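Undergrad: Starting off with a structure, shown below.
Protein chains: 4
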Amino acid sequence: MPADGAPKFRRRKAERPAEILAAAMAVFAERGFAGARLEDVAARAGVSKGAIYLYFATKEEVFRAVVDQSLAPDIEAVKAMAAAHQGPFPDLLRLLVGRMVGLVAHTPVGGVAKMVIGEARNFPELARVWHDRLVSQAVEALTLAVAAAQARGEVRAGDPRLFALQIVAPLLIGVIWRETFTPIGAPDVDIEALAAQHLDTLLDGLMLRKAA
Amino acid sequence: MPADGAPKFRRRKAERPAEILAAAMAVFAERGFAGARLEDVAARAGVSKGAIYLYFATKEEVFRAVVDQSLAPDIEAVKAMAAAHQGPFPDLLRLLVGRMVGLVAHTPVGGVAKMVIGEARNFPELARVWHDRLVSQAVEALTLAVAAAQARGEVRAGDPRLFALQIVAPLLIGVIWRETFTPIGAPDVDIEALAAQHLDTLLDGLMLRKAA
Amino acid sequence: MPADGAPKFRRRKAERPAEILAAAMAVFAERGFAGARLEDVAARAGVSKGAIYLYFATKEEVFRAVVDQSLAPDIEAVKAMAAAHQGPFPDLLRLLVGRMVGLVAHTPVGGVAKMVIGEARNFPELARVWHDRLVSQAVEALTLAVAAAQARGEVRAGDPRLFALQIVAPLLIGVIWRETFTPIGAPDVDIEALAAQHLDTLLDGLMLRKAA
Amino acid sequence: MPADGAPKFRRRKAERPAEILAAAMAVFAERGFAGARLEDVAARAGVSKGAIYLYFATKEEVFRAVVDQSLAPDIEAVKAMAAAHQGPFPDLLRLLVGRMVGLVAHTPVGGVAKMVIGEARNFPELARVWHDRLVSQAVEALTLAVAAAQARGEVRAGDPRLFALQIVAPLLIGVIWRETFTPIGAPDVDIEALAAQHLDTLLDGLMLRKAA
DNA sequence: TATGAATGAGTTTTCATTCAT
DNA sequence: TATGAATGAAAACTCATTCAT
Chain U
162 MPADGAPKFR
172 RRKAERPAEI
182 LAAAMAVFAE
192 RGFAGARLED
202 VAARAGVSKG
212 AIYLYFATKE
222 EVFRAVVDQS
232 LAPDIEAVKA
242 MAAAHQGPFP
252 DLLRLLVGRM
262 VGLVAHTPVG
272 GVAKMVIGEA
282 RNFPELARVW
292 HDRLVSQAVE
302 ALTLAVAAAQ
312 ARGEVRAGDP
322 RLFALQIVAP
332 LLIGVIWRET
342 FTPIGAPDVD
352 IEALAAQHLD
362 TLLDGLMLRK
372 AA
Chain C
162 MPADGAPKFR
172 RRKAERPAEI
182 LAAAMAVFAE
192 RGFAGARLED
202 VAARAGVSKG
212 AIYLYFATKE
222 EVFRAVVDQS
232 LAPDIEAVKA
242 MAAAHQGPFP
252 DLLRLLVGRM
262 VGLVAHTPVG
272 GVAKMVIGEA
282 RNFPELARVW
292 HDRLVSQAVE
302 ALTLAVAAAQ
312 ARGEVRAGDP
322 RLFALQIVAP
332 LLIGVIWRET
342 FTPIGAPDVD
352 IEALAAQHLD
362 TLLDGLMLRK
372 AA
Chain E
162 MPADGAPKFR
172 RRKAERPAEI
182 LAAAMAVFAE
192 RGFAGARLED
202 VAARAGVSKG
212 AIYLYFATKE
222 EVFRAVVDQS
232 LAPDIEAVKA
242 MAAAHQGPFP
252 DLLRLLVGRM
262 VGLVAHTPVG
272 GVAKMVIGEA
282 RNFPELARVW
292 HDRLVSQAVE
302 ALTLAVAAAQ
312 ARGEVRAGDP
322 RLFALQIVAP
332 LLIGVIWRET
342 FTPIGAPDVD
352 IEALAAQHLD
362 TLLDGLMLRK
372 AA
Chain A
162 MPADGAPKFR
172 RRKAERPAEI
182 LAAAMAVFAE
192 RGFAGARLED
202 VAARAGVSKG
212 AIYLYFATKE
222 EVFRAVVDQS
232 LAPDIEAVKA
242 MAAAHQGPFP
252 DLLRLLVGRM
262 VGLVAHTPVG
272 GVAKMVIGEA
282 RNFPELARVW
292 HDRLVSQAVE
302 ALTLAVAAAQ
312 ARGEVRAGDP
322 RLFALQIVAP
332 LLIGVIWRET
342 FTPIGAPDVD
352 IEALAAQHLD
362 TLLDGLMLRK
372 AA
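Chains as they are written, first to last, in the working numbering: chain U, 162 to 373; chain C, 162 to 373; chain E, 162 to 373; chain A, 162 to 373.
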């Protein structure tokens, strides 16, 4: 039933799971869940198909682990943002958005986000985890900050949760653009520039104000 | 099988393709491209599996057609928006955003957008079509409008394309939220309210201005 | 994703399931459940692998169906036997055993029985069905017949259920022998002769009786 | 890992193979050949997967060894039975059957027999070994004893080999029942009672004899 | 000797696609 | 045109077997 033949394997370690997940993240981001072949993940990780099953029970499990793992550092960042709550609102906002731009630029959140969006119907738990652990945390932190600023009379009246979404939206669109349209040759979006301009606009409005 | 009293006014030939695409849109939106079974599409369309192949050569072709078809009306709307270029900028902006909210609320663009995002890597042509025919048109129209308003001294300085993205972003986020998080029980986003508040903020800024 | 190439299939019918089950019975009997490859079943049935799944959801389902199907005719026979309950016990016994020999000789019960025995632990439901629908029916019928004969003073005292097992045992051993040892070249067992001799012995005892 | 107080008197080397075979017997009896995972055998034996291969070349080899090993003691018993050939036939028969009941009740022959029956087609050598070393020995011994008794005028005319099968059959059926139907909740068979009643019936016949 | 991580052939199952009717 | 039975390539997953340690 088995084989004979040539030399097979070499090493053995505890980094395997992480290596596999890194490979999986890339493949999932490229092909989506259903389109990803575990064999490709294995190849990318420099491992055999079977080795994956040494660490993860199913393809779904791998997918979940990828999403899960990509959350950890971001959650910390979000918490840090939430803790930053001091000083005048514009400063706070600049700080928060700056943090988010950093995240978005230096981690593969974009790819994972795309996966979550694309597979939300097939894997509701993923959408749930992503929402509960990341999105809702961020939104809540922002919402509170906005509400506080409103209370202080710094920020105009309005639904603070919607304000939170408004704040985050361009960043997300930037990320999605990068994942969706840049690869097909559409002009890239400079997320940092977008964020900067967004901040200014957000704070002061789009319209010029004639000198009183 | 006829002997039942129900009227047999099944539409014929001409509507078939449209019916199939409608069914396909629903199934693709639910399961994604790979997850969608043509058999389900057929069942949903009240048609045999084979019949699909009478009109479309492959599953990909069906997918393409779905995206393509969902574009047509929107493109018109975009063009209409583009044509609306008159009057003071705020009025224009309200008009445009209003149109987009209507579109987003009354058509399944949300579902299709999600598909395009999720499968962009697997079907770059889709992303391209979607971008070229819809996104870039809308962005361009907005960019031009912004630029014109800047020329007129109505709008502050800044990259008009980024302004365009800023304008659209919250709407898109709303749509994505609706497709991704609402189904898992997250609090819904009231897109109309979001748009309204977004407009106000955009025009006047987030910050309260002390009376001079 | 699919193929091109040469002509594929021919006919189409309602006999398919039966054909598949016949093939499956043979393959299962030869290789056991786990050892049987559905591909072989398909080949034997002159059908493609996929075709099996048109009629049965899983390999287990096929297995179940095989056992199930092999039961039907036998159950009738058992019921017929049970209905035969008349006349002096020796006549009844000859009748019953004759019937069973016929069954055993002209149907593949042997092969199926072997499968049930071999896979009882893996598929308890099979053992249960086999027991409830076939074995216990037969045993019960025999038990009742024996008990009646005891009441009539025809048969000696003793546990009638055990008598029933004694009656059936040599037949079953014959069948099992045929499935297990005959194929490896062991001398065959002439089940009819065994049955005949068994009947005589059973009725009169093994021992010669000196003339009073 | 030592620092706990439990005595560490693990047996060493010599017992390993036997321990592995004992574990294997259990697993094979539970799952059949194909269904048994060597990993489970290893776990059950308190040994690593690799260790099995230190003693046995393949899974088949392990299977063979299990069957082989389970034969040894039984063969002795059979030989002993064969040697017992003295005195009047009924005494002999009681002795022989008594021995067999003991065997059957106190060893796992039942489980092994089931395996042999179930895998006979896949592993003909097993069926052959089982037949040649055990079954045919027992049958032959019985056959000779019967023939001798016939010669002495103790036993009625008839094929002595078939008589031998008749003698053994109920015991085997009892064992098979225990392995097949008892686990699914069918009423158990009291093998000792079955044997006792079988002996009586065999010797004297099922039918009551009117007083001369 | 003993371990257990790693391998990869082999099997089930799915589903886009074909084609006889 | 329309049907749906049939096909078969593709991919997840299992587990006997190997071998570096």
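From the three backbone atoms N, C-alpha and C, an ideal C-beta is built for every residue, glycine too. Source: prediction; values computed, not measured.
Give every residue of the same chain whose Cβ lies closer than 7 Å to the Cβ of A233/C, excluding the five residues on either side of it in the sequence, and list them in chain order.
TA: Locating residue 233/C in the second sequence gives position 72, counting from the first residue. Cβ within range, chain order: n/a, list empty.
Undergrad: Are the C-beta of I334/E and some C-beta of chain A separated by less than 7 Å?
TA: Residue numbering aside, residue 334/E sits at position 173 when the third sequence is read from its first letter. It does; some Cβ of chain A falls within 7 Å.
Undergrad: Should T362/A be listed as close to the ligand NAP, given that the test is whether its C-beta is under 6 Å from any heavy atom?
TA: Among the components of this structure there are no ligands whatsoever, and the ligand NAP is therefore not found.
Undergrad: From P249/C to L254/U, what distance separates their C-alpha atoms?
TA: Against the second sequence, residue 249/C aligns to sequence position 88. Against the first sequence, residue 254/U aligns to sequence position 93. So the two alpha carbons sit approximately 30 Å from each other.
Undergrad: How is V277/U classed by DSSP in three states: helix, strand or coil?
TA: Taking the first sequence and counting its residues from 1, one reaches residue 277/U at position 116. The answer is helix: DSSP assigns V277/U an H, G or I state.
Undergrad: Mind checking whether A288/A and I236/E have CB atoms under 7 Å apart?
TA: Translated into positions along the fourth sequence, residue 288/A becomes position 127. Translated into positions along the third sequence, residue 236/E becomes position 75. Result no, Cβ atoms of A288/A and I236/E do not sit closer than 7 Å.
Undergrad: Rounded to a whole number of angstroms, what is the C-alpha to C-alpha distance between V265/C and G211/C?
TA: Locating residue 265/C in the second sequence gives position 104, counting from the first residue. Locating residue 211/C in the second sequence gives position 50, counting from the first residue. Cα to Cα, the separation comes out at about 33 Å.
Undergrad: Whose C-beta lies closer than 6 Å to the C-beta of V202/C among residues of the same chain, with five residues either side of it excluded?
TA: Residue mapping note: residue 202/C aligns to position 41 of the second sequence, counting from 1. Within the same chain, V202/C has close Cβ partners A184, A185, V188.
Undergrad: What is the C-beta distance between V316/U and A310/U, in whole angstroms, given that I count them as a contact (C-beta under 8 Å)?
TA: Taking the first sequence and counting its residues from 1, the one referred to as residue 316/U is at position 155. Taking the first sequence and counting its residues from 1, the one referred to as residue 310/U is at position 149. Indeed they touch by this definition, with Cβ atoms about 4 Å apart.
Undergrad: Between V262/U and E353/U, is the Cβ-Cβ spacing less than 7 Å?
TA: Residue numbering aside, residue 262/U sits at position 101 when the first sequence is read from its first letter. Residue numbering aside, residue 353/U sits at position 192 when the first sequence is read from its first letter. Yes, Cβ-Cβ distance for V262/U and E353/U is below 7 Å.
Undergrad: Mind checking if K220/U is an interface residue toward chain C, Cβ cutoff 7 Å exclusive?
TA: If you number the first sequence from 1, residue 220/U lands on position 59. Closer than 7 Å: no.
Undergrad: Give every residue of the same chain whose Cβ lies closer than 8 Å to the Cβ of G335/C, excluding the five residues on either side of it in the sequence, and list them in chain order.
TA: Translated into the one-based positions of the second sequence, residue 335/C becomes position 174. Cβ within range, chain order: V265, V350, I352, L355, A356.
Undergrad: Please name the residues in the segment 322-347 of chain C whose beta-carbon is closer than 9 Å to at least one beta-carbon of chain U, in chain order.
TA: For the segment 322-347 of chain C, which is checked against every Cβ of chain U, the residues closer than 9 Å are R322, L323, F324, L326, Q327, I328, V329, A330, P331, L332, L333, I334, G335, I337, W338, E340, T341, F342, P344, I345, G346, A347.
Undergrad: Excluding five sequence neighbours on each side, which residues of the same chain lie with their C-beta closer than 8 Å to the C-beta of E191/A?
TA: Working through the fourth sequence from its first residue, we reach residue 191/A at position 30. A197.
Undergrad: Check whether the segment 272-279 of chain E touches the segment 272-286 of chain A, counting contact only when three or more Cβ pairs, one atom from each stretch, lie closer than 8 Å.
TA: Contact between the segment 272-279 of chain E and the segment 272-286 of chain A is present, because at least three Cβ pairs lie under 8 Å.
Undergrad: Cβ closer than 8 Å: which chain C residues qualify as neighbours of D320/U?
TA: Taking the first sequence and counting its residues from 1, one reaches residue 320/U at position 159. Those within 8 Å of D320/U in chain C are A354, Q358.
Undergrad: Determine the closest residue to F217/U out of T343/U, A179/U, M242/U, with distance taken between C-alpha atoms.
TA: Position 56 of the first sequence, counted from the start, is the residue given in the question as residue 217/U. Nearest of T343/U, A179/U, M242/U to F217/U, Cα basis: A179/U.
Undergrad: For A373/C, which residues in the same chain have their Cβ closer than 6 Å to its Cβ, ignoring the five residues on either side in sequence?
TA: Along the second sequence, read from residue 1 onward, the residue named residue 373/C stands at position 212. Here the model assigns A373/C a pLDDT of 44, short of 50, so the residue's position is not dependable and the matter cannot be decided.
Undergrad: Check whether the Cβ of I278/E lies closer than 7 Å to any Cβ atom in chain A.
TA: Translated into positions along the third sequence, residue 278/E becomes position 117. Yes, its Cβ sits closer than 7 Å to a Cβ of chain A.
Undergrad: In chain order, what residues of the same chain lie with their CB nearer than 7 Å to the CB of S209/A, ignoring the 5 residues before and after it?
TA: Counting from one through the fourth sequence, the residue named residue 209/A turns up at place 48. Around S209/A: A203.
Undergrad: Can you list, in chain order, the residues of its chain whose CB lies under 8 Å from that of L363/E, leaving out five sequence neighbours each side?
TA: Within the third sequence, residue 363/E is the residue found at index 202, counting from 1. Answer for L363/E: L254, Q327, I328, listed in chain order.
Undergrad: Chain U beta carbons: is any one of them nearer than 7 Å to that of R313/C?
TA: In the second sequence, residue 313/C corresponds to position 152, counting from 1. Cβ-Cβ to chain U under 7 Å: no for R313/C.
Undergrad: When you compare each of L182/U, V223/U, D365/U, V239/U to R205/U by their alpha carbons, which one comes out closest?
TA: Residue 205/U sits at position 44 when you count from the first residue of the first sequence. If we check each option's Cα against that of R205/U, L182/U comes out closest.
Undergrad: Judging by CA-CA distance, which residue of L303/C, L199/C, L257/C, T268/C is the nearest neighbour of S231/C?
TA: Taking the first residue of the second sequence as 1, we reach residue 231/C at position 70. That would be T268/C, whose Cα lies nearest to the Cα of S231/C.
Undergrad: Could you give the C-beta distance for Q247/E and L323/A, rounded to a whole number, given that I count them as a contact under 8 Å?
TA: For this step, residue 247/E is matched to residue 86 along the third sequence. For this step, residue 323/A is matched to residue 162 along the fourth sequence. In fact, because the Cβ distance is near 29 Å, the residues do not count as touching under 8 Å.
Undergrad: Once DSSP output is grouped into helix, strand and coil, what is the label at E176/E?
TA: Working through the third sequence from its first residue, we reach residue 176/E at position 15. Coil, per DSSP.
Undergrad: Does the beta-carbon of K220/A have 16 or more other beta-carbons within 10 angstroms, so that it is buried, or is it exposed?
TA: Locating residue 220/A in the fourth sequence gives position 59, counting from the first residue. Label assigned to K220/A: buried.
Undergrad: Relative to the alpha-carbon of R177/C, which residue among E200/C, G207/C, G193/C, A195/C has its alpha-carbon at the smallest distance?
TA: Here residue 177/C is taken as the residue at index 16 of the second sequence, counted from 1. Checking every option, the nearest Cα to that of R177/C belongs to G207/C.
Undergrad: Span of the alpha helix (DSSP H) holding V329/C?
TA: Within the second sequence, the letter at position 168 stands for residue 329/C. Residues 321-341.
Undergrad: Residues of the segment 192-220 of chain U in Cβ contact with chain C at a cutoff of 9 Å, in chain order, please.
TA: Result list: R192, G193, F194, A195, G196.
Undergrad: Assuming the contact rule is C-beta atoms closer than 8 Å, P285/A and A330/E should be a hit. Round their C-beta distance to whole Å, please.
TA: Counted from its first residue, the fourth sequence places residue 285/A at position 124. Counted from its first residue, the third sequence places residue 330/E at position 169. Not quite, the Cβ-Cβ distance comes to about 25 Å (not below 8 Å), so this is no contact.
Undergrad: Classify A306/A as buried or exposed, calling it buried when 16 or more other Cβ atoms lie within 10 Å of its own Cβ.
TA: Working through the fourth sequence from its first residue, we reach residue 306/A at position 145. Label assigned to A306/A: buried.
Undergrad: Residues in the same chain with beta-carbon distance under 6 Å from T343/U, minus the five sequence neighbours each way, listed in chain order, please.
TA: In the first sequence, counting from the first residue as 1, residue 343/U sits at position 182. Answer for T343/U: D349, listed in chain order.
Undergrad: Shorter than 7 Å from the beta carbon of G177/C to some beta carbon of chain U?
TA: Numbered from 1 along the second sequence, position 16 holds the residue referred to as residue 177/C. According to the sequence provided, residue 177/C is Arg. The question's Gly does not apply to it. No, because no Cβ of chain U sits closer than 7 Å to the Cβ of R177/C.
Undergrad: Taking the alpha helix (DSSP H) that V262/A falls in, what are its first and last residues?
TA: The residue you call residue 262/A lines up with position 101 of the fourth sequence. Per DSSP, V262/A belongs to the alpha helix (DSSP H) from 250-267.
Undergrad: Any C-beta of chain U sitting closer than 7 Å to the C-beta of R282/C?
TA: The residue given as residue 282/C occupies position 121 in the second sequence. Taking Cβ atoms only, chain U reaches closer than 7 Å to R282/C, which makes this a yes.
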